[in-house]
Every structure is written in structure tokens, then in C-alpha cells.
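See below for the structure under consideration.
Residue numbers (the UniProt record's numbering): 1 to 167.
Structure, rendered in C-alpha cells:
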């Protein structure tokens with residue numbers, strides 16, 4: 001039962017497992033919030049004191065001081081597990097980063113497409129204007145007196161128009 005270090009490794013291996021066995025493979029997620037025990041709080045305090053001592057002993061003033069965290073704050077973990085009972089493969093990834101949880105939940109939707117036998121959706125970063133039906137207007141160059149549209153002093157700057165008063 002391997003634990004992966006990065007979420008991309010877990011995602012790639014899980015997608016391969018789901019492509020191979022989409023009907024039997026299951027993905028489970030578990031979110032737990034644990035209040036630290038007294039021994040863990042003491043370990044954190046010792047570690048924080050050690051880090052503070054190291055930062056004082058170094059003469060490098062350009063590095064920022066380590067961020068202090070409330071030592072008695074509960075620790076939240078998010079665990080994802082991909083399991084196939086036929087092959088016995090179990091892939092796990094665990095994180096404590098809150099920003100990463102949202103991305104992982106979004107990736108579960110893409111993995112679920114394999115389980116539902118839906119076709120893959122290719123994610124494009126740039127959409128071509130031919131397919132989208134959106135046309136962008138071409139910028140015309142001002143040929144009067146050699147003024148360019150990029151030069152705001154030349155009068156072609158395109159500032160705000162004043163509204164006319166009602167009569």
C-alpha cells in the first residue's frame with residue numbers, strides 16, 4: 001500500500017488503475033480533524049524552540065523568520081485512497097494543506113469519468129477563435145500626423161468621454 005509524496009503521482013497512478021479496471025476500482029476520501037495530544041504539543045514546542053535557536057545563530061538577515069503556528073491547534077488531514085479488490089492495488093495520498101484539498105476534490109470529478117465510462121474531456125488552455133465564434137476587432141492604426149494608438153499624448157489615447165448634460 002504505497003503512500004505517494006505528491007498529488008500528481010497519486011492522480012496519474014489512480015487514473016491508470018481506473019482505466020484498467022473501471023468497474024471494480026473505488027476511490028474513497030476521508031477528512032479528519034484531530035486535536036493533538038499533550039505529547040505532540042510538547043514535541044512541537046521543542047521543535048519550535050530548536051528552529052528559533054537555529055534562526056538566531058545564523059547571521060543571514062535576508063531570510064524571514066519561521067512562521068509561528070498555534071501549537072494546540074487541531075490538525076486536519078485529507079486522505080484519498082484508490083482501491084481495486086481484484087488486483088489488490090491500494091494507492092494512498094494524504095495531505096494537511098487546506099489549499100490542496102479543493103484541487104483534489106476537483107480531480108475526483110475527472111477520475112469519476114473513467115468509472116462512468118464517459119469520454120475524456122481535453123482541457124485546453126487557449127481557445128481558438130474559429131471554434132468559439134468570438135471575433136476580436138482589429139486595431140486600426142491612426143495615420144493622421146503619424147500618431148500611434150500607444151502614445152496617449154498624441155490624442156489617439158481613447159480616454160473617458162464626458163457625458164453631455166440634459167437640456
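Just so it is clear, CB atoms sit at the ideal spot from N, CA and C, and this is done for glycine as well.
Cut-off 7 angstroms between Cβ atoms - residues of its own chain near residue i, not counting five sequence neighbours on either side
i           : result
residue 211 : This structure leaves residue 211 out entirely; the chain is present only between 1 and 167.
residue 84  : 17, 21, 24 and 25
Assigned secondary structure, residue i (DSSP; H/G/I helix, E/B strand, else coil)
i           : result
residue 76  : strand
residue 94  : strand
residue 53  : helix
residue 121 : coil
residue 99  : helix
residue 112 : helix
residue 106 : helix
residue 147 : Legend: pLDDT at residue 147 = 49, less than 50; position of this residue unreliable, value from coordinates given subsequently. The answer is coil: DSSP assigns residue 147 none of H, G, I, E or B.
Cutoff 6 angstroms; reference residue i; Cβ partners in own chain excluding five residues on either side
i          : result
residue 46 : none
residue 13 : 91
residue 29 : 80
Nearest-angstrom beta carbon gap, residue j and residue i [assumed within contact, 8 angstroms]
i           : j          : result
residue 27  : residue 80 : 7 angstroms
residue 94  : residue 3  : 7 angstroms
residue 120 : residue 7  : Not confirmed; about 19 angstroms, so no contact.
Neighbourhood of residue i by C-beta, 8 angstroms cutoff - its chain only, sequence neighbours within 5 removed
i           : result
residue 96  : 75, 76, 77 and 78
residue 98  : 76
residue 117 : 22
One or two residues paired with residue i in a DSSP bridge
i          : result
residue 83 : 26 and 90
residue 3  : 92
Practice task
Note down, one range per segment and in chain order, each alpha helix (DSSP H) of at least 4 residues found wholly within the stretch 7-46.
Solution key: Runs found: 7-20.
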